[in-house]
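Participant: Numbering (the numbering used here), first residue to last: 1 to 161.
1) To which residues of the same chain is residue 21 closer than 8 Å at the C-beta, ignoring the five residues directly before and after it?
2) Between the Cα of residue 148 and those of 154, 128, 122, spot the shortest distance and give me the residue it belongs to.
3) For residue 137, count neighbouring C-beta atoms within 10 Å of its own C-beta (all shown protein chains included) and say buried if the count is 16 or more, exposed if not.
4) Tell me which same chain residues have a C-beta within less than 6 Å of the C-beta of residue 139, skipping the five on either side of it?
5) Can you tell me which of the three DSSP states residue 150 falls into?
6) Can you tell me whether residue 142 is helix, strand or coil according to DSSP?
7) What three-state label does DSSP hand residue 7 in the structure shown?
8) Using a Cβ-Cβ cutoff of less than 6 Å, which residues in the same chain neighbour residue 78 once the five nearest sequence positions on both sides are dropped?
9) Is the distance from the Cβ of residue 16 to the Cβ of residue 131 below 8 Å?
10) Helix, strand or coil, according to DSSP, for residue 111 in the structure here?
11) On the DSSP bridge list, what partners appear for residue 84?
12) Which residue comes first and which comes last in the alpha helix (DSSP H) that contains residue 211?
13) Where do the N-terminal and C-terminal ends of the beta strand (DSSP E) with residue 102 fall, by residue?
14) Measuring only the C-alpha atoms, how far is residue 116 from residue 101?
15) Are the beta-carbon atoms belonging to residue 6 and residue 113 less than 8 Å from one another?
16) With a CB to CB cut of under 8 Å and the five nearest residues on each side skipped, what residues in its chain are close to residue 33?
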């Protein structure tokens with residue numbers, strides 16, 4: 001199955017379906033994900049000086065308004081590798097205040113990380129435009145890129161402790 005459950009020490013267990021994220025405007029290109037983190041400090045101050053723009057405002061809504069895409073953009077979406085920040089979904093499960101860690105249930109056992117690491121993480125859900133069937137449904141990358149070469153693979157359940 002290509003779904004990921006978030007459960008445990010939460011008010012609302014949720015199920016994520018990464019196969020539908022391919023056309024979500026919030027996805028991030030794998031090649032740019034960690035480059036953006038490094039350049040983020042420079043871009044933040046420049047963005048404050050920008051005038052208000054309706055299209056940019058609508059894209060900041062959560063979830064953003066999905067603009068229709070043309071044929072070229074659709075083809076491009078089906079050729080690239082993408083990540084989705086988990087912090088778009090984790091708050092919906094409402095982890096309890098005493099939640100301190102998360103157990104990643106993978107095909108190769110369990111991995112433990114802190115709730116802060118989880119909240120800053122990115123989930124790889126598409127490689128070359130295709131869902132991760134063999135070692136998926138998602139891979140977890142820390143937001144700082146520290147495990148960029150060795151992500152946690154085969155995650156099918158995230159248990160909040």
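For glycine and all other residues, C-beta sits at the position ideal for the given N, C-alpha and C.
Facilitator: Result, derived from the coordinates:
1) 27, 82, 84, 125, 126
2) 122
3) buried
4) 124, 151, 153
5) coil
6) coil
7) strand
8) 129
9) no
10) strand
11) 123
12) Since the first residue shown for the chain is 1 and the last is 161, residue 211 is missing from the structure and cannot be characterised.
13) 101-106
14) 8 Å
15) no
16) 83, 122, 141, 145
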